[in-house]
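A.B. asks: Numbering-wise (this note's numbering), the sequence shown opens with residue 147 and increments by one. Below are the structure tokens for one structure; questions will follow.
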Amino acid sequence: MPIAVQTGGRASLHSPRSLEPNFSRRAFCIQGLLCDVVTIEEVTQKVAASIKAARSCNIVTPNANFLRLARSDPDFRDAVLASDLSMIDGMPLVWFARALGISVPDRACGSDLFDSLMRQTDERFNAFFLGATHDIGQRVRRRLNEGTSGVRCAGVYAPGFGSVESMSDQGILDVINGAGADLLIISIGARKGLLWTSRNEGSLAPPIICNLGATVNFVAGSITRAPIFFRKHGLEWLWRVKEEPALWTRYAQDLMVLTSVLFGHILPCLAEYRLHKPSPAQLSAACLRRRQRDATYTIEFIGAWTNDNIAPVREALSEATRTQGNLEIDLNGVTYADAGFLGQILLAYGYQRRMRRGFVLRASRKPIQRILRLHGCGYLLHAGDSQIEPRQTARRLHPAGKAAVRRLWQSTLDACGAAWINPHRH
């Protein structure tokens, strides 16, 4: 049974959400996902500023699981792209980004963001938690409200295991909006949480919406978070399997996709860069043309585009989206594109999808199609198709494969040793 726990927070003072794209973001395309290069300190400042200005900010935290789901579920992928800030939560994505020459200092995971907000002393933020159970909700409320945390619990709603539709009941939205929360923390699973946000964000009052996964369990103390050593070296999944053995199947499937992406996309991308790296003269010669006809704004890009000559791209896309019409991107004249340029295209695509406006990408030449596919965003080639985008069926492990992976997980855990995985040692 769904349980609501409220703590008598102030009535919501926030106006309806105003959604505007920000093309100044340091956003890159990492295998079809949009990822921002930010630190936890920068995100914390952005959250505080957005709350103070009552400015909407939808935060997502892509990791290896996001990468797998996005490749098989267009609705989930579009929900990820329709965010205001996309923190790189998973170390594999950090490694992929660095391999592509993107200067990512470290992962910026959701749990670290929440820890940073809890440490704030200048101002306290009110958070509403959607997810978990009644017991977890009570623990979260006690820990946040009885201590000196910078985050207070304005309410908790445990929706059970219903569908996105059943969780979108107006009564649930009223409970959230009536709590007077600054942040809405969603912990109902990555796919369901993002689809729920995509469906309801226009009706939600809290300015900050965060899909933070297991954060609510970490705050409640029902699950122990991995030691810093594990987090820094990309081994947090190993700790999570120890804490929640049922996760091993998910991580096995994620590993299969990561391996495929590494050899089928990342390494060929590096080869493409070495073979066709544009010269400074080519970057200077790049240009774009704009035209508007009826309700469609068209931008034609010509030449080589990278993060080094991205300024005109930001300005053109910002102007195009302000027209509040359909957007057409013509890449037939593009000779080279990197993750920085494609990141801006994904920003525009995500915003157009978010606002239910048209988006069409023209790229009939084989070289640019190859670049798009190597970067994991070949789906843009079909963005303007009227038919429903075909879904890929997620690959499932054969029972024999499951047993083999289970043995691998167990042997790895045994090899680590009890002393090594003791959280008090780090």
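The beta carbon of each residue, even a glycine, is placed where N, CA and C say it ideally should be.
Can you check which of these residues, THR279, CYS203, ALA200 and VAL189, is closest to CYS255 by C-alpha distance?
C.D. replies: Indexing the sequence shown from 1 puts residue 255 at position 109. Considering only alpha carbons, the answer is VAL189.
A.B. asks: How about ILE205 and LEU179: are their beta carbons less than 8 angstroms apart?
C.D. replies: The count along the sequence shown starts at 1 and reaches residue 205 at position 59. The count along the sequence shown starts at 1 and reaches residue 179 at position 33. Cβ distance not < 8 angstroms, so ILE205 and LEU179 don't count as in contact.
A.B. asks: Check the C-beta distance from LEU358 over to PHE260 and give it rounded, since I have them as a contact under 8 angstroms.
C.D. replies: On the sequence shown, residue 358 is found 212 positions in, with the first residue counted as 1. On the sequence shown, residue 260 is found 114 positions in, with the first residue counted as 1. About 6 angstroms; that satisfies the 8 angstroms criterion.
A.B. asks: Could you tell me the boundaries of the alpha helix (DSSP H) in which GLY339 lies?
C.D. replies: Position 193 of the sequence shown, counted from the start, is the residue given in the question as residue 339. Run containing GLY339: 336–346, per the alpha helix (DSSP H) assignment.
A.B. asks: Terminal residues of the continuous alpha helix (DSSP H) containing GLY415?
C.D. replies: As a first step, residue 415 must be located in the sequence shown, where it is residue number 269. In the sequence as presented, Gly is not what sits at residue 415; that position holds Cys. Where CYS415 is concerned, the enclosing alpha helix (DSSP H) stretches over 413–422.
A.B. asks: Looking at the structure shown, is LEU165 part of a helix, part of a strand, or coil, going by DSSP?
C.D. replies: Working through the sequence shown from its first residue, we reach residue 165 at position 19. If DSSP states are grouped into helix, strand and coil, LEU165 belongs with coil.
A.B. asks: Quick check: what's the CA-CA separation for SER349 versus THR343?
C.D. replies: Reading the sequence shown from its first residue, position 203 is the one you call residue 349. Reading the sequence shown from its first residue, position 197 is the one you call residue 343. If I take the Cα positions, the gap works out to 10 angstroms.
A.B. asks: Run the CB neighbour count on LEU413, radius 10 Å, all protein chains shown included, and call it buried at 16 or more, exposed below.
C.D. replies: Along the sequence shown, read from residue 1 onward, the residue named residue 413 stands at position 267. Label assigned to LEU413: exposed.
A.B. asks: For ALA466, which of ALA483, ASN478, GLN490 and THR452 has the nearest alpha-carbon?
C.D. replies: In the sequence shown, residue 466 corresponds to position 320, counting from 1. Checked all of ALA483, ASN478, GLN490 and THR452; the closest Cα to ALA466 is GLN490.
A.B. asks: So the candidates are ALA336, ARG244, ALA200 and GLU187; which of them puts its Cα closest to the Cα of ALA485?
C.D. replies: Within the sequence shown, the letter at position 339 stands for residue 485. Of the listed residues, the one whose Cα sits closest to ALA485 is ARG244.
A.B. asks: Cα separation between ILE445 and THR370?
C.D. replies: Indexing the sequence shown from 1 puts residue 445 at position 299. Indexing the sequence shown from 1 puts residue 370 at position 224. Taking the CA atoms as reference points, ILE445 sits about 50 angstroms from THR370.
A.B. asks: Could you name the residues of the same chain whose beta carbon sits closer than 7 angstroms to that of ARG214, not counting the 5 residues immediately before and after it, in chain order?
C.D. replies: Mapped onto the sequence shown, residue 214 falls at position 68. So the list reads GLN399, ASP400 and VAL403, once near-sequence residues are dropped.
A.B. asks: For LYS198, count neighbouring C-beta atoms within 10 Å of its own C-beta (all shown protein chains included) and say buried if the count is 16 or more, exposed if not.
C.D. replies: Stepping through the sequence shown from its first residue, residue 198 is reached at position 52. LYS198 is exposed by the Cβ-count criterion.
A.B. asks: Can you tell me which of MET233, PRO208, ASP235 and ILE234 puts its alpha carbon nearest to the alpha carbon of PHE222?
C.D. replies: Working through the sequence shown from its first residue, we reach residue 222 at position 76. Nearest C-alpha to PHE222: PRO208.
A.B. asks: Let me know if GLY339 comes out buried or exposed under the rule of 16 or more other beta-carbons within 10 Å of its beta-carbon.
C.D. replies: Residue mapping note: residue 339 aligns to position 193 of the sequence shown, counting from 1. GLY339 should be labelled buried.
A.B. asks: Taking Cβ positions, are VAL250 and VAL240 nearer each other than 8 angstroms?
C.D. replies: Within the sequence shown, numbered from 1, the residue matching residue 250 stands at position 104. Within the sequence shown, numbered from 1, the residue matching residue 240 stands at position 94. Cβ distance < 8 angstroms, so VAL250 and VAL240 count as in contact.
A.B. asks: So what does DSSP say about SER510, is it helix, strand or coil?
C.D. replies: Taking the first residue of the sequence shown as 1, we reach residue 510 at position 364. Correct three-state label for SER510: coil.
A.B. asks: Can you give me the C-alpha to C-alpha distance between ALA360 and SER257, rounded to a whole angstrom?
C.D. replies: Taking the first residue of the sequence shown as position 1, residue 360 is located at position 214. Taking the first residue of the sequence shown as position 1, residue 257 is located at position 111. Cα-Cα distance, rounded: 8 angstroms.
A.B. asks: Cβ of ASP224 within 8 angstroms of Cβ of ARG499?
C.D. replies: Numbered from its first residue, the sequence shown carries residue 224 at position 78. Numbered from its first residue, the sequence shown carries residue 499 at position 353. It is a contact, given that the beta carbons lie within the stated cut-off.
A.B. asks: Nearest-angstrom Cα distance between ILE355 and ALA194?
C.D. replies: Within the sequence shown, the letter at position 209 stands for residue 355. Within the sequence shown, the letter at position 48 stands for residue 194. Straight-line Cα distance between these residues: approximately 13 angstroms.
A.B. asks: Quick one: grab the DSSP three-state call for GLN316.
C.D. replies: Counting from one through the sequence shown, the residue named residue 316 turns up at place 170. Of the three classes helix, strand and coil, the one that applies to GLN316 here is helix, per DSSP.
A.B. asks: Run the CB neighbour count on PRO536, radius 10 Å, all protein chains shown included, and call it buried at 16 or more, exposed below.
C.D. replies: Counted from its first residue, the sequence shown places residue 536 at position 390. Any reading at PRO536 must be qualified, since the residue scores a pLDDT of 40, below 50, and its modelled position is unreliable; the value itself is stated next. Its Cβ having fewer than 16 others within 10 Å, PRO536 is exposed.
A.B. asks: Give me the residue from TRP451, HIS411 and LYS423 with the minimum Cα distance to SER430.
C.D. replies: As a working note, residue 430 is residue 284 in the sequence shown. When only C-alpha atoms are compared, the closest one is TRP451.
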